[in-house]
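Residue numbers (the working numbering): 572 to 1290.
Written as structure tokens, this is what we have:
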């Protein structure tokens, strides 16, 4: 540890020496100077570098003692020059040849104390350099020891490292100071900004408060002005009302006076009419007019006397009005009572005369009836025998296998009308130019989109859809897809829209009603309203419905010779495509939707239409359909399904309309026709048969059929 301490002191002494402060110029090569140009001047060691001599070998100690004895009386700086010369020359032989004198250096102890004092007083390298520059440059001493040269090099490197560390520490300190100054300055500037913002905020708040106060005062003044204006207008209105009431009162009084005069004149005319009628009726009571009635003379005289009294009462009332006054209501009541009594007298005379004549006729007819009774009994016997024979023949033959001739004729006429309509717009249906094709698409959208939007959300929405369809069929323009379109834009536009609209209504029953049974009522009420205003559309709806569901006729199309099976299935209502014929469940679902739509149409009427005309397709058609279904042989699965769906939707309306006759038909269906349905139904098709049976049993047991679900109520049309 002592050696470490001395090494540190040695390094400190070397640090403070002039040799440690040699300046090196890195630009020497650019100026063409020698590399040792800055080191040629005489170097000298600090007085503190004596510590170095203690570390030198024995040769260094001898040199030190030699210098001490030879240069004792010399100046203290001579030792530094000697050491510098030794370090620069590298041998003591050169030292003896130099003429310069060396002065003895102080003792090592004094050197160390002086080094410590120098470190305390001046630690900066610049002070050492200034102090070294003040000293006189002694003669150079050449030292021969390589260790001394290595030590000098290490001292230089150490000095450079310390200088770099000092520069780095100084730079870091300066940067720290600059950062501190910047942070302090930024903090101060931020505080100044906050202060300015605070002051600005206060100014804005004061300005806003003053402006709010001015606004409040302005509003209050405007409010007072408005209040005064309202009071003035109110007073003006009151005055106008009073003036108007006074004028109306005057007009009412004048109108009452005119009305009184008019009523008085009317009463006078009515009184004259009553008097004229009483006199005419009194003439009928005269015996001369009752010669052929065969009434007794006493009755005729009493009737005539009472008629004269009534004529006197009426004449008395007329005499009062002849003085210029109008007859009062009491006078009119007296006259009217006299007229009514006179009419009653005439009626009694006529009744008595009729009774007398009736008695005479009865006497004549009794003889004739007794004569005809024998003939009537014979005719009844013949008719009874004919009816019995007809019943026995019907029982032997059974029910029909097809619809009646009238029904089939009606079915063919509807299909021909639909085919003619489709043929009439062939040019529009197959357009050749782009404009006609665009018009066709717009008309098709305008006719199909409103029908697709029909729902039971609200009555107002349903009315808007109906008005839109009605406008389209009436030739007026409607907006569809943001564009205005009308059937008048093409000669075949009305036929095309009517056909497509009817087709869309039936398609909604085939798809929407089949999936959601309650949707039948809003669709049916719109279809019924359109049918009432545009009968041709209704016929097309029936044609499309009969074509897709022939059971709505009802009609079971027979299979003709040469007809392919797939074509016949298509005629029966099945969907046939490349994948084959649709399944039975899908077929029954579609037929159910269409029969439910038909059952809803025949019982509904558009509530905003004309109530004077008859329903275009009413309940009588539903009664005809039900009767014809029961007159035809049932089909497996389809007959039970259609009867159940039809009665569930339309049964309540038919019950209210036909009452006892309806229950007779239901009883016939339950007791006689249902057994025929069960006979043609297989085990796997009993679902629809069971539903129909439960419906019939429940209806007959309760003698009531519940209204169908989804029926539109009166509150719906107010929504």
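Note that beta-carbon positions come from the ideal geometry of N, C-alpha and C, so glycine has one too.
Beta-carbon gap between residue i and residue j smaller than 8 Å
i            : j            : result
residue 1117 : residue 1074 : no
residue 1196 : residue 1103 : no
residue 1031 : residue 1285 : no
residue 1018 : residue 1063 : no
residue 841  : residue 903  : yes
residue 569  : residue 1129 : Given a span of 572 to 1290 for the chain in the structure shown, any question on residue 569 remains unanswerable.
residue 1187 : residue 1106 : yes
residue 1071 : residue 1015 : yes
residue 1044 : residue 1099 : no
residue 1238 : residue 1113 : no
residue 917  : residue 850  : no
residue 1127 : residue 1206 : yes
residue 1217 : residue 1170 : yes
residue 1094 : residue 1168 : yes
residue 1267 : residue 1241 : yes
residue 1143 : residue 1212 : no
Residue range of the unbroken beta strand (DSSP E) whose run includes residue i
i            : result
residue 1055 : 1054-1056
residue 1027 : No beta strand (DSSP E) contains residue 1027, which DSSP labels as neither H nor E.
residue 1163 : Careful: residue 1163 lies outside any beta strand (DSSP E), inside the alpha helix (DSSP H) at 1155-1172.
residue 973  : Premise fails: residue 973 is in no beta strand (DSSP E) and is neither H nor E.
residue 1050 : 1049-1051
Best match in the options for proximity to residue i [C-alpha to C-alpha]
i            : options                   : result
residue 1192 : 1208, 1164 and 1229       : 1229
residue 1275 : 1233, 1260, 1261 and 1251 : 1233
residue 1282 : 787, 814 and 1028         : 1028
residue 1006 : 997, 1060 and 1236        : 1060
residue 1179 : 1097, 1215 and 1162       : 1097
residue 1123 : 1162, 724, 723 and 720    : 1162
residue 1149 : 1138, 1237 and 910        : 1138
residue 581  : 729, 1012 and 1251        : 729
residue 879  : 901, 910, 890 and 808     : 910
residue 1204 : 813, 1248, 1269 and 1089  : 1248
residue 981  : 920, 1110, 1277 and 1250  : 1110
residue 1226 : 1210, 1160, 1194 and 1280 : 1194
residue 905  : 873, 915, 835 and 845     : 845
residue 1199 : 1046, 979, 988 and 1056   : 979
residue 722  : 1086, 930, 746 and 584    : 584
Residue i burial status per 10 Å Cβ neighbour count (16 or more: buried)
i            : result
residue 853  : buried
residue 977  : exposed
residue 1120 : buried
residue 1273 : exposed
residue 656  : A caution first: residue 656 carries a pLDDT of 41, below 50, which makes its placement in the model too unreliable to give a value.
residue 1008 : exposed
residue 1166 : buried
residue 1135 : exposed
residue 1244 : buried
residue 937  : exposed
residue 717  : exposed
residue 1040 : buried
residue 691  : Caution is warranted here: a pLDDT of 42 is assigned to residue 691, below 50, making its placement in the model unreliable, and the coordinate value is therefore given only provisionally. It counts as exposed.
residue 694  : Residue placement at residue 694 is poorly supported in this model, since its pLDDT is 42, which falls under 50; the coordinates still yield a value, given next. Label assigned to residue 694: exposed.
residue 1270 : buried
residue 1011 : buried
residue 888  : buried
residue 1259 : buried
Boundaries of the alpha helix (DSSP H) in which residue i is found, first to last residue
i            : result
residue 780  : 717-855
residue 1270 : 1257-1273
residue 1246 : 1245-1251
residue 1093 : 1091-1104
residue 1066 : 1064-1079
residue 1087 : No alpha helix (DSSP H) holds residue 1087; DSSP gives it neither H nor E.
residue 1231 : 1231-1239
residue 1139 : 1136-1142
residue 1195 : 1190-1201
residue 997  : 997-1000
Beta-bridge pairing of residue i - partner residues as DSSP gives them
i            : result
residue 1151 : 1148
residue 1293 : Outside the displayed range of the chain (572 to 1290) lies residue 1293, so it cannot be described from this structure.
residue 903  : Its beta-bridge partners do not exist; DSSP assigns none.
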